[in-house]
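Trainee:
Number of protein chains: 8
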Amino acid sequence: MNRQILTTLLTDLKNGTLSLEETVNRLSTFPAETLDNACLDHQRTLRTGIPEVIFGAGKTPEQIISIASAFLKQNTILLATRVNEEKAAIVTEALPSLTYYQEAHMLTCNEQRESPDNYRGYTAIISAGTSDIPVAEEARITLSTLGHPVKTLYDAGVAGLHRILNHSSLLSAAEVIIVAAGMEGALPSVIGGLVSRPVIAVPTSIGYGASFSGIAALLGMLNSCAPGVAVVNIDNGFGAACMAEAINRI
Amino acid sequence: MNRQILTTLLTDLKNGTLSLEETVNRLSTFPAETLDNACLDHQRTLRTGIPEVIFGAGKTPEQIISIASAFLKQNTILLATRVNEEKAAIVTEALPSLTYYQEAHMLTCNEQRESPDNYRGYTAIISAGTSDIPVAEEARITLSTLGHPVKTLYDAGVAGLHRILNHSSLLSAAEVIIVAAGMEGALPSVIGGLVSRPVIAVPTSIGYGASFSGIAALLGMLNSCAPGVAVVNIDNGFGAACMAEAINRI
Amino acid sequence: MNRQILTTLLTDLKNGTLSLEETVNRLSTFPAETLDNACLDHQRTLRTGIPEVIFGAGKTPEQIISIASAFLKQNTILLATRVNEEKAAIVTEALPSLTYYQEAHMLTCNEQRESPDNYRGYTAIISAGTSDIPVAEEARITLSTLGHPVKTLYDAGVAGLHRILNHSSLLSAAEVIIVAAGMEGALPSVIGGLVSRPVIAVPTSIGYGASFSGIAALLGMLNSCAPGVAVVNIDNGFGAACMAEAINRI
Amino acid sequence: MNRQILTTLLTDLKNGTLSLEETVNRLSTFPAETLDNACLDHQRTLRTGIPEVIFGAGKTPEQIISIASAFLKQNTILLATRVNEEKAAIVTEALPSLTYYQEAHMLTCNEQRESPDNYRGYTAIISAGTSDIPVAEEARITLSTLGHPVKTLYDAGVAGLHRILNHSSLLSAAEVIIVAAGMEGALPSVIGGLVSRPVIAVPTSIGYGASFSGIAALLGMLNSCAPGVAVVNIDNGFGAACMAEAINRI
Amino acid sequence: MNRQILTTLLTDLKNGTLSLEETVNRLSTFPAETLDNACLDHQRTLRTGIPEVIFGAGKTPEQIISIASAFLKQNTILLATRVNEEKAAIVTEALPSLTYYQEAHMLTCNEQRESPDNYRGYTAIISAGTSDIPVAEEARITLSTLGHPVKTLYDAGVAGLHRILNHSSLLSAAEVIIVAAGMEGALPSVIGGLVSRPVIAVPTSIGYGASFSGIAALLGMLNSCAPGVAVVNIDNGFGAACMAEAINRI
Amino acid sequence: MNRQILTTLLTDLKNGTLSLEETVNRLSTFPAETLDNACLDHQRTLRTGIPEVIFGAGKTPEQIISIASAFLKQNTILLATRVNEEKAAIVTEALPSLTYYQEAHMLTCNEQRESPDNYRGYTAIISAGTSDIPVAEEARITLSTLGHPVKTLYDAGVAGLHRILNHSSLLSAAEVIIVAAGMEGALPSVIGGLVSRPVIAVPTSIGYGASFSGIAALLGMLNSCAPGVAVVNIDNGFGAACMAEAINRI
Amino acid sequence: MNRQILTTLLTDLKNGTLSLEETVNRLSTFPAETLDNACLDHQRTLRTGIPEVIFGAGKTPEQIISIASAFLKQNTILLATRVNEEKAAIVTEALPSLTYYQEAHMLTCNEQRESPDNYRGYTAIISAGTSDIPVAEEARITLSTLGHPVKTLYDAGVAGLHRILNHSSLLSAAEVIIVAAGMEGALPSVIGGLVSRPVIAVPTSIGYGASFSGIAALLGMLNSCAPGVAVVNIDNGFGAACMAEAINRI
Amino acid sequence: MNRQILTTLLTDLKNGTLSLEETVNRLSTFPAETLDNACLDHQRTLRTGIPEVIFGAGKTPEQIISIASAFLKQNTILLATRVNEEKAAIVTEALPSLTYYQEAHMLTCNEQRESPDNYRGYTAIISAGTSDIPVAEEARITLSTLGHPVKTLYDAGVAGLHRILNHSSLLSAAEVIIVAAGMEGALPSVIGGLVSRPVIAVPTSIGYGASFSGIAALLGMLNSCAPGVAVVNIDNGFGAACMAEAINRI
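Here the protein sequences line up with chains A, B, C, D, E, F, G and H, keeping their order. The first sequence begins at 1 in the UniProt record's numbering and counts up by one. The second sequence begins at 1 in the UniProt record's numbering and counts up by one. The third sequence begins at 1 in the UniProt record's numbering and counts up by one. The fourth sequence begins at 1 in the UniProt record's numbering and counts up by one. The fifth sequence begins at 1 in the UniProt record's numbering and counts up by one. The sixth sequence begins at 1 in the UniProt record's numbering and counts up by one. The seventh sequence begins at 1 in the UniProt record's numbering and counts up by one. The eighth sequence begins at 1 in the UniProt record's numbering and counts up by one.
#1: Per DSSP, what kind of secondary structure is B:Met106 in: helix, strand or coil?
#2: Strictly by DSSP, which residues pair up with C:Leu153?
#3: Classify C:Lys87 as buried or exposed, calling it buried when 16 or more other Cβ atoms lie within 10 Å of its own Cβ.
#4: Taking only the alpha-carbon atoms, compute the straight-line gap between F:Ser205 and D:Ser213 and give it to the nearest angstrom.
#5: List the residues of chain H whose Cβ lies closer than 7 Å to the Cβ of B:Ala57, in chain order.
#6: So what does DSSP say about H:Arg140, is it helix, strand or coil?
#7: Let's see if you can read the secondary structure: which residues bound the alpha helix (DSSP H) around G:Phe55?
#8: If the cut is a Cβ gap below 8 Å, which residues of chain E does C:Asp235 touch?
#9: Please state whether the Cβ-Cβ distance between E:Ile65 and E:Ala80 is less than 8 Å.
#10: Under 8 Å between the Cβ atoms of B:Thr123 and B:Val150?
#11: With a cut-off of 8 Å, does the C-beta of G:Ala159 fall near any C-beta of chain F?
#12: Using a 10 Å radius around the Cβ and a threshold of 16 neighbouring Cβ atoms, would you call A:Thr11 buried or exposed?
#13: Under 8 Å, do D:Gly228 and C:Ala186 count as touching if we go by C-beta distance?
#14: Within the 8 Å Cβ cut-off, does B:Ser172 reach chain D?
#15: Hey, is D:Asn227's beta-carbon within less than 8 Å of any beta-carbon in chain C?
#16: Would H:Arg47 be called buried (16 or more neighbouring beta carbons within 10 Å of its own) or exposed?
#17: Between the C-alpha atoms of F:Ile67 and F:Met106, what's the straight-line distance to the nearest angstrom?
#18: Can you list, in chain order, the residues of its chain whose CB lies under 6 Å from that of residue 265 of chain C, leaving out five sequence neighbours each side?
#19: Tell me which residue opens and which closes the alpha helix (DSSP H) that F:Val91 is part of.
#20: Select from C:Thr142, C:Ile234 and C:Arg120 the residue whose C-alpha is nearest the C-alpha of C:Ile77.
#21: Tell me which same chain residues have a C-beta within less than 6 Å of the C-beta of A:Gln43, skipping the five on either side of it?
#22: Count the C-beta pairs between the segment 112-128 of chain F and the segment 174-185 of chain F that are closer than 8 Å, then say yes if the count reaches three, no if not.
#23: Got a sec? Which residues, its chain only, sit under 7 Å from C:Gly192 by beta carbon, not counting five neighbours each side?
#24: From the DSSP output, read off the bridge partner residues of C:Gly61.
#25: Identify the contact partners of C:Gly214 in chain E, using a Cβ-Cβ distance below 9 Å as the criterion.
This is the structure in structure tokens:
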């Protein structure tokens, strides 16, 4: 409820077009509406393209079906993350219009077409190893479902620098770069030293022993000596995509 | 050394303008130059506005003076971080053209004028408490030295939500938002839930006991349930500024 | 056994009303009785309404049946926590009078009616997300089984502040507030900043990566910058209910 | 701004007593005011007795003097925590009306008289050892400055149980119990097993080696097997006092 | 091989009773024998009663059968720890002379009779809760298999002090006390404050959330403020028994 | 106060030998005395030889002087640990009868003569390196002040096994062995594999980097694969001495 | 592309043998080629004998089959690590020429014969316990597949020093020593103190409780007080073998 | 004492050349001698060139002077590490023949000349940043004092890859490579991916916040995805040098 709407409302009251009681009622929801304004992810979503997202990890298939059905009725983009194969089978049987991406563990529906006009450029998604691809794919599916242009380069870790250097144009032409890496998580530092674009580093839980399920990669990325690197949670491809969307969306 | 320079060089060789030996010599530094291309932070700096930065924490005043002098000869922007007062006194006595920012623990020289045309908008810098201000100031001085437009809102923590909500227009009009917070580090989540701009969260080491010198805030920010939040190292105001510069620079 | 009782007892001995042997016997249990006084959880339980509780996590169904049967004979309130579905099926087949709450993983029997007269007011139980509900339910079932008045507000996390602000009257009218939250665990700080009632914060293990099974939420809550917040163990809805009972019981 | 105020405002507009512009202006601060309502710690403070508090740890003496002066002008209770002796000397020289409590590291002014009528009873503050007394004193000074009735029992650790058992009446007659303990932090468990009152456990950083500056005590308290125990941050005597105030204040 | 045996050996050589070659052979195993002296757990075992022990956790049933068979041929005491039920079924089918203790997860054979004459007294084994009993049982089976006199007191945690105080004579008459406790692990401190006997504290992994699989109990015990307490690894009932054997064996 | 004493007391009352008032007085301290029984470290101290100990780390010189003076009046053994040189200078100036052991950071008074008849044998104290000697000395001074026979072997770490093996008789003839080691803390495992005596392992904070102030040594000792090893807190030479006293005292 | 090749290329250009465009093209791939030079693990592999390795942990059997097939076509040595039995069964059914080593969890093909001439000597692989053998075997299979001479000594932990001392010649004659140990991880320190050869320490995850899945062993090894010890990741037998290969290969 | 020496000894006994008593005496020191053989670091030192080293961190200047004097009498190489400037001033005043290296915090004496014939090649020492130089220097001084050929390349971190790539010949021609790096510690991975020589990675404590005094770098290096990398303790330049010496010494 911006100033203009408020002025109209009060003018209506003054003019008698609106009763005092009705005006009070509507204004007494004003704080709520203001806050709805702030949090009405629903409306903001439709405007900015970031849909409501179902965090599938702690939910039963039935709960996912129920929430997804509500979304489908509104015809909004549907994104569900961390849905394992078993759950996905049950959900997609009930809701056949949903697409399941096995590697990304995601369910989507009502995907947007790629809409370059809404973005400053494309987001490059890099994975250090093949094992990091599921996290990279979570970012990719999230973005492409929103219509966000994406290019990918997978399996380009620091132990073979030529792989990343050979594709430096892919990196330097990107608007945003997402880098998913496990183990020592050094790739964002190397890329951050090569290009001037914002790098969103996603530590993955790939590794063993002293990788501590991604802590080694997380710490490595937080301590990156290269400028222009920021970090999201371990395995949080979805979060990286949200940050890229926030940066890249016009 | 781009394709054009290379063509010229070889044409010169072909034409006899350049001796074979000289060409070999110059090309034998080609990988270096190519790599300089990749890493020539120097050239890239001049182009993107991110200067070489002196990390003052592990250096003696003499080392800082020596490096800073080299920078001053090139007339480039000079930024030194984590320079305590004692060191700063020695350095500024030797190099009086440097400015010392006591709260940010920074030395600068050859600051740029604010140059809005180079940026998509301004960066909003928010601190949760007054104790977080030094970290916020490290970000602010870094950005303003580069000519990056900045607005600040300090002491606006979650325990008094009205403080942040009263300035929601400052947030929603920003291109990028940097949020410095210690203790539980909840402010980026709240702001991330209110606006659609990219939020760069900076955990600070403010707190005691189970804040573990910023770990509590760091973990809180990494686990933010709000979209569009990415995190830099504890107390790394400079790193947040670099990320903001990478995002906001046209 | 205070000084007065002791004087009477010894006077009785001196007067011959009490035999030497009997006095010795009673006094020789004196330390024990004093300590029984202190620890007679049984008697205190009947008086204060906090029942003996079966911690089901490390017990076999047979052990649970055996202990529960002993309780049932005394007709006392029965509460068993952390009983998974598989165990519950075996136990309830053997003891059909028990009720199983699947979401809370609890078994109860001999529940009390809600008895507002015994309490200063009601306890509000808030969950930040839907995934935190099982922990909130553990608190709710514990309290309602004791007859403690409870109101709930689920899925009201900080990323959508209006949800909590819209229900501020529910919060401000409560005598005690229990807040269950995972991930960054910021909700207790926000609520603690809005109301003057004691807030019992329950970190949950909901999250992934750097949530470290609830450590992020735990640390966030311990470092809350809002006054009037205290914390119980991760996922300890039962413990939060005990604290609420201790505070709210007249 | 409640419904009544809103109705009056709008009636004034309708009656022409208030201009449209002025009404818009005042209503456009409505969300802010509503949130001020929620967070107006100032007003709530005056009402509930919890004053604004200066966290002295990260502040210079000059900053403390400046903030304290502002408080003194309002004649409100002044509490500053974590002010070391050196800072306190400077502050009290500038502001002689302030009282410095050396052991608690606190500065106060405008202390309230003890006002039993405002409380359900007294708060008992227990310290396990003599070294935990500064933390206990931070709680005591906070409460007594608010007028909150307090009784103390210091140096009553679990290695000599008789010390605590000899004072069981002090414990059982209290409305709230604060227990400060370092090292293994076992005292809250023992007290929680003896009485039915809410126990606020404060781990202290007293200890060495594997006490890890209070982590051992913190974990011990969070895992307490006794009911009715909740925990605040390490060394957070002030936070324990705030929780006690929230519980005990009528 | 002590000096006497060595003298005899060499006298035999000098006398010609032993050939040079045989003497060389036997002496060339001398360092080995010397070291065997140090490490000949075999011989020392027979002498001190501590048998070779099979750590079953990382072994296949086949490996356990193979090692156990070798032991059985020597008719020595056999102890295998951390053998789950599934493995035990296979092993005991192959080696029916072995006894399986389900709660302690142990296999034994050739148990010694209780032999009080070999010990200074009995070892008291206390468990804080019922869930700690398997760890306590690992200690008990280890000791009783060696013939070590043992008395037990299970489920006597600090939340009900009378349980432990009512059995103070069991404690004070013991030669050694083993205390197994999970969660906050406070029981050894309380017992260490009551008696002057050596207390071997065994943290257990019982608990959840911030018990961190026994870390909370471990830290609590290491920081015990009571004298005469030493600690073994989490869940290491066997290690506690070995320490008790070393102390108590005459 | 056992049953016999109680019977006598009451008989005296019945007989008129004791007045009612006096009996009440003595019995009204009964719970206290009973608990004194449990905790009367004072009486138990005189009996077992373990004196009250002053933990000097968190105390001012004035506090130490005050407590020590009280002890001196009772002519009991005085032990104060963790008293740095600066504090010690002040204390010994005020109380010249105290002896300061600089390396052990201890103050003592009224030391006992060595009294072999009260002990089963001697305690061997081993340090791995020279830097571990202060911790070993804290154990040695504690024991020798009590009259406990002690032998020492310092600087005998695992990197030079012959040092420890050359003194195997010192080890095997001991009743108890205390081993202080920092860095990797491997020495207790090696010694535990060589002898059948109880080994009390004391991790020290000696080391740097990944020694984490003694955590590496602590974990190494807790995981010792040798039988008969138990562990005390990091740098806790005093605690090791208490355990040795509890084991070795007849 | 060394100086000679570069000279030839440019001479060709000068001579007209090569067109300007072609020279530019080839030189513009120069950085790539240089980097290929640096990273051409393929060529370097063939030269040094270290094959491309498949990290099986995060891959499906299908992915392993696909990658392995590509390798088999090139007839290179094939090594796949961390392939569990289930996956191995599927892979070896599809690719029968592969050998599966169950204990080492490895698949190999095209193994090299042992080629002592390529090495300075043999690598000794020691395991502390039988449970550490799988990690030791990962190192052994890796090395022997490369043709690297290896000798092994398994189950030679510090609790029985004679086992290692009896085989000191095996150690002292080795060129490199790999030591795999779990629990307290003390064996590398002991061996490092006995011989002058480089010791590669491999912590294993064998242990329980405070071994924290290998952290105790890892820290112990990093803090080794013996010279000539370096450490690889927990359970990383393969990494230890790579280090040994790098050291020992002529 | 090998088999031959033993045969001679016994033959002498048999022949009467050696008395029985003398033979017994010599053989009874046999284990000791064997172990001396194993641990005689002194002799082995003279032979291999690794001197006894004084760990200066926990020692007083007086202790260092005393130990150093003993070394000087033997005319052996003297190395003392972690000697701060203040201590060094006192020591060098007493022992003027010692040289102090301020950046490496080392004292040396009787340095060896560089002796390439004793080594397979040179060791390259790389530091990622200028702040890592002190650690690199500790390695360099250690090696050069032993006569070990060394080349250095300082300030060549991953954020500017060209710096390291420009010196690839320095790396590829080295026999061993030591890499000191703080912050994210990524440099060893990059170098390990470029060359086939053994890389000894030294994490440094350089950094702040989530570098956790070198933990981030340590974990990064342990998880290196490049082959041929092993790790020493944080800041342990000396340990890296010992490993290099063990590898490189002929």
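C-beta: ideal position from N, C-alpha, C; glycine also. Quantities reported herein were computed from a predicted structural model and do not represent experimental measurements.
Mentor: The short version:
#1: Taken through DSSP and simplified to helix, strand or coil, B:Met106 comes out as strand.
#2: Checking the DSSP bridge columns, you'll see C:Leu153 partnered with C:Ile126.
#3: Label assigned to C:Lys87: buried.
#4: So the two alpha carbons sit approximately 14 Å from each other.
#5: Ordered by position in chain H, the residues that pass the 7 Å Cβ test against B:Ala57 are Tyr208.
#6: Three-state DSSP puts H:Arg140 in a helix.
#7: In this chain, G:Phe55 is not harboured by any alpha helix (DSSP H); it is covered by the beta strand (DSSP E) spanning Val53 to Phe55.
#8: Tyr208 and Gly209, listed in chain order.
#9: Judged by beta-carbon spacing, E:Ala80 lies beyond the 8 Å limit of E:Ile65, meaning their Cβ atoms are not closer than that value.
#10: Going by C-beta atoms, B:Thr123 is nearer than 8 Å to B:Val150.
#11: Among the residues facing chain F, G:Ala159 is included, as its CB has a counterpart in that chain under 8 Å away.
#12: Flag for A:Thr11 reads exposed.
#13: Taking 8 Å as the Cβ cut-off, D:Gly228 and C:Ala186 do not qualify as a contacting pair.
#14: So, not an interface residue.
#15: Inspection of the sequence shows that residue 227 of chain D is occupied by Pro rather than by Asn. It does; some Cβ of chain C falls within 8 Å.
#16: The predicted position of H:Arg47 is uncertain, since its pLDDT is 36 and thus under 50; a value taken from the coordinates is nonetheless stated next. Classification for H:Arg47: exposed.
#17: Spanning the two alpha carbons is a distance of roughly 15 Å.
#18: Given that chain C is displayed from residue 1 to residue 250, the structure contains no residue 265 of chain C and the question cannot be resolved.
#19: Per DSSP, F:Val91 belongs to the alpha helix (DSSP H) from Glu85 to Ala94.
#20: Out of C:Thr142, C:Ile234 and C:Arg120, C:Thr142 has the C-alpha closest to the C-alpha of C:Ile77.
#21: Low per-residue confidence applies at A:Gln43: pLDDT is 38, beneath 50, and the placement is therefore not dependable, though the value from the model is reported in the following sentence. Short of 6 Å from the beta carbon of A:Gln43, and not among the five residues preceding or following it, lies no beta carbon of its own chain.
#22: Contact holds: three or more Cβ-Cβ distances are below 8 Å.
#23: Exclusion of the five residues before and after C:Gly192 leaves Val199, Ser224, Ala226, Pro227, Gly228 and Val229 as the residues of its chain whose Cβ lies within less than 7 Å of its Cβ.
#24: Checking the sequence shown, residue 61 of chain C turns out to be Pro, not Gly. The secondary-structure analysis by DSSP pairs C:Pro61 with nothing; it has no beta-bridge partner.
#25: For C:Gly214, the chain E residues whose C-beta falls within less than 9 Å of its own C-beta are Gly209 and Ala210, listed in chain order.
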